[in-house]
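The structure appears right after this line, and notes come after that.
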Amino acid sequence: MQRPSWTKLALISGLFFGIQTLVTESATAQVTVPRMLSATTDRSATLEEQLTNRLRATSEEQRAYLRFVVLKVKEGKLDLRLVVAVERYALRRRPDFPFPFFERAMKVQAAKYGVVMPPVKTFASTAAIAR
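If you're matching positions, the sequence shown starts at 489 in the working numbering and goes up one per residue.
See the structure below:
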């Protein structure tokens, strides 16, 4: 009867633990926003899609807040460059959970433009109505 060598045993256990750590890594997925398809094949993401995915807006209230921000940009009350700069700031502050930093910074920066940004909590009751 032949005993397994220690090197084989170490190699097998190393592979097992290596595969196990790869499998248990947390997966991050993009949150997609439904789009209306048109005849043009524009492959670039809209501002709403970009904000939703990069800021990891998972709840309906957060998505409603981002729709409100996009609406203010379309109305010309907020500058697009400001929104993108605040998004980048939030991503630098906390890459794994940037949305709260985006919300707070948008409130401060929008006030400089004279735009009142309501907290995300107010969109909890109006999210279904806004759609």
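Cβ coordinates follow ideal geometry from the N, Cα and C atoms, glycine included.
Runs of the alpha helix (DSSP H) spanning 4 or more residues and lying entirely within the segment 567-593 occur at 568-581, in chain order. Here DSSP, grouped into helix, strand and coil, assigns L554 to helix. Judged by their CB atoms, L559 and Q597 are not nearer to each other than the 8 Å cut-off. Judged by DSSP secondary structure, T540 falls within the alpha helix (DSSP H) whose first and last residues are L535 to R542. Shown here, E563 sits in coil according to DSSP, grouped into three states, outside any helix or strand.
Counting C-beta pairs closer than 8 Å gives three or more between the segment 579-589 and the segment 540-549, which meets the contact rule. By the C-beta density criterion, F585 is exposed, having fewer than 16 other C-beta atoms within 10 angstroms.
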